[in-house]
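Residue numbers (the working numbering), protein chains in the order written: chain A, 1 to 397; chain B, 398 to 630.
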Ligand SMILES: Nc1ncnc2c1ncn2[C@@H]1O[C@H](COP(=O)(O)OP(=O)(O)O)[C@@H](O)[C@H]1O
Ligand SMILES: [Mg+2]
């Protein structure tokens, strides 16, 4: 009967209940998104770096860790030297540059990011269609490249390493076959990209690119002291700086700590908003029924039953709101992820929002706890009201 | 002939309201005995302390002094839980403004105190029906308060007050919000209740209601100034 009374109170003012539930749902969605954002960026970066299976990333000294513009010479010798380290099991040299093709059936020139790598040890793309590069004149491209050039997997194209727009002249042309389509994890969704064997990219680049590398990825033996290997590499070649994935993660973590703090603050604000919404509604509803409550007390309804009735109201509101908010939060997270994925300069495979069931349950739990806490004060007030005086005041009102 | 046992015995009851600066002495040293089967109408000018007295008798308020014993239990010294329990099972309340739960049907309103007293569902449903039939609302059990007239609501309130078979029915101006005709119906119902054995104390300034009671107690300034038994038991 007490449960019925509590729920009847909520259905009595349908619009008000619906609005408050919607408010709680929005607060929950916000909370959930912030929790997802806080852990999502970090986790997806970790997966992202670790997926490549390399522990060290070697770049020309003085460049940003994920910059591929700068290069160092003596690539072949560098690879041999690195392979000479007893703790190193795999070395993957990469060069990043630009490549050009003429759009199918037209004479307009399209530029794209060109990645020279060792297809057998690469960690830059995930093959989505066709097969991997197996010969010097084979190439894997991404969907954006196919879309803007009008070619398809299986086509043969003339790939150029340079383009002089003033005279409309391509240079360093090589005929290559598109053998596959891949998803380039480091690139933003809209960026065009193509990958070929590093030797091909170095060759068509002419003098400028000969034997140069932008990044060398190094995999160490299991159990090796990655930090020691890193130090050895930097000592051996002062032109280089080596970054371990753990250090990279730490670096990213530091960069993201700002986001996480923001997420934490916004999450707390959401919780506070949820709490205030529910307390407000429950307080208003108690005030509105103060006479009824006094009558219930007068005819012998126990204090704890009044408390239960008021608390049920808060919990029911926040629980329903929380469940709706879960759905809303997931939808908005996906939507925001979609927006952020097309953000220039951000890798497409980067997830900002990571759905972890435990985090979702924690958020829902927090909202429901808020609902419980929100009911405490109004419930206490309702349960301890002076019966005779309240009845008298109600009669006057 | 042995006189019927006392249901209520109030001794030297006082109730002061600590209003800032000038405390109000709403009830000042009042004593009253009510025997089983009596119907007492407390009358007096507005502000003479009638409602205050009724609230004290019904354990929804505590006296500043004196003692109130109902069926041998000292109401004045009960803690909240005990007083609540006592109100649930020992007292039936009827208020001027009916005060039914608007979200519950007539039957559910009558069942509420029984549900609180943990009367099994089947039993309380049967009793609610029976009580509503008794007050003449046998056909309206499923109606909500807003679907009932004032007189009908007050009859539901009486059925609710009787739900747990209280020793004493307390009614504060039960005809106060009713027109003359429904007021008369209410008086007839109370009279029938009393004839069937319910001990009643009503507070009223309705002369017809006071006239129907067996005994009329006059109050003025928080004290009893006259006590007349019109129809002895
Ligand atoms: N809660 C209260 N606080 C202060 N004064 C009160 C309170 N309740 C009643 N009184 C005062 O006590 C006196 C008696 O009131 P009441 O018992 O309601 O009289 P009646 O029911 O006879 O009209 C009045 O003067 C009233 O103003
Ligand atoms: Mg009064």
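Backbone N, C-alpha and C define an ideal beta-carbon position, used for all residues, glycine too.
- Looking at the DSSP output, residue 568 of chain B shares a beta bridge with B:491, B:599.
- If you check the CB distance, residue 9 of chain A and residue 313 of chain A come in under 8 Å.
- A distance criterion of 7 Å places the beta-carbon of residue 515 of chain B beyond contact range of ligand 2, judged by its closest non-hydrogen atom.
- Closest by C-alpha distance to residue 21 of chain A, out of A:235, A:185, A:315, is A:315.
- Judged by beta-carbon spacing, residue 117 of chain A lies within the 8 Å limit of residue 198 of chain A, meaning their Cβ atoms are closer than that value.
- DSSP places residue 271 of chain A in no beta strand (DSSP E) but in the uninterrupted alpha helix (DSSP H) bounded by 245-288.
- The way I'd put it, the segment 550-562 of chain B does touch the segment 483-491 of chain B; three or more beta-carbon pairs between them come closer than 8 Å.
- With the rule of 3 Cβ pairs closer than 8 Å, the segment 564-573 of chain B counts as touching the segment 600-608 of chain B.
- Residues of chain B with a Cβ closer than 9 Å to the Cβ of residue 317 of chain A do not exist, since the nearest Cβ in that chain sits about 16 Å away.
- Residue 218 of chain A places its beta carbon 8 Å or farther from that of residue 19 of chain A.
- For the pair residue 373 of chain A and residue 275 of chain A, the CB atoms are nearer than the 8 Å cut-off.
- The beta carbon of residue 309 of chain A sits closer than 7 Å to the beta carbons of 2, 5, 6 from its chain, once the five residues preceding and following it are set aside; these are given in chain order.
- Look at residue 9 of chain A here: in three-state DSSP terms it is helix.
- By the Cβ rule, the segment 265-284 of chain A counts as touching the segment 25-32 of chain A, because three or more pairs are nearer than 8 Å.
- Here residue 326 of chain A has 28, 32, 360, 364 as same chain residues with Cβ atoms under 7 Å from its own Cβ, once five neighbours each way along the sequence are excluded.
- Boundaries around residue 448 of chain B are those of the alpha helix (DSSP H), 447-454, since no beta strand (DSSP E) includes it.
- Beta-bridge partners assigned by DSSP to residue 98 of chain A: A:113.
- Within 7 Å of the C-beta of residue 435 of chain B there is not a single heavy atom belonging to ligand 2.
- The contact set of residue 510 of chain B on chain A, defined by CB atoms closer than 7 Å, consists of 299, 300 in chain order.
- The beta carbon of residue 519 of chain B does not come within 8 Å of any beta carbon belonging to chain A, so the residue lies off that interface.
- Of the heavy atoms belonging to ligand 2, at least one sits nearer than 7 Å to the Cβ of residue 569 of chain B.
- Taking CB atoms only, residue 1 of chain A has a neighbour in chain B less than 8 Å away.
- Beta bridge pairing from DSSP links residue 177 of chain A with A:138, A:156.
- Around the beta carbon of residue 510 of chain B, 16 or more other beta carbons sit within 10 angstroms, so the residue counts as buried.
- In this structure, DSSP gives residue 409 of chain B an extended state, which the three-state scheme calls strand.
- Taking CB atoms only, residue 314 of chain A has no neighbour in chain B less than 8 Å away.
- The beta carbon of residue 598 of chain B sits no closer than 7 Å to any heavy atom of ligand 2.
- Its chain contains 238, 239, 240, 241 as the residues whose beta carbon lies nearer than 8 Å to that of residue 61 of chain A, once the 5 sequence neighbours on both sides are disregarded; these appear in chain order.
- Apart from sequence neighbours up to five positions away, the residues of its chain that approach residue 383 of chain A with a beta-carbon distance below 7 Å are 303, 306, 307, ordered along the chain.
- For residue 615 of chain B, the pairing in a beta bridge is given by DSSP as B:440, B:623.
- Of the other Cβ atoms in all chains shown, fewer than 16 fall within 10 Å of the Cβ of residue 147 of chain A; this residue is therefore exposed.
- For residue 425 of chain B, no alpha helix (DSSP H) run applies; the uninterrupted beta strand (DSSP E) run containing it begins and ends at 421-432, by DSSP.
- Sixteen is the threshold: since fewer than 16 other Cβ atoms of the shown chains lie within 10 Å of the Cβ of residue 415 of chain B, the residue is exposed.
- At a cut-off of 8 Å between C-beta atoms, residue 288 of chain A does not count as an interface residue with respect to chain B.
- Put simply, the backbone Cα of residue 93 of chain A is about 24 Å away from that of residue 130 of chain A.
- When only Cα atoms are considered, residue 429 of chain B and residue 408 of chain B end up about 7 Å apart.
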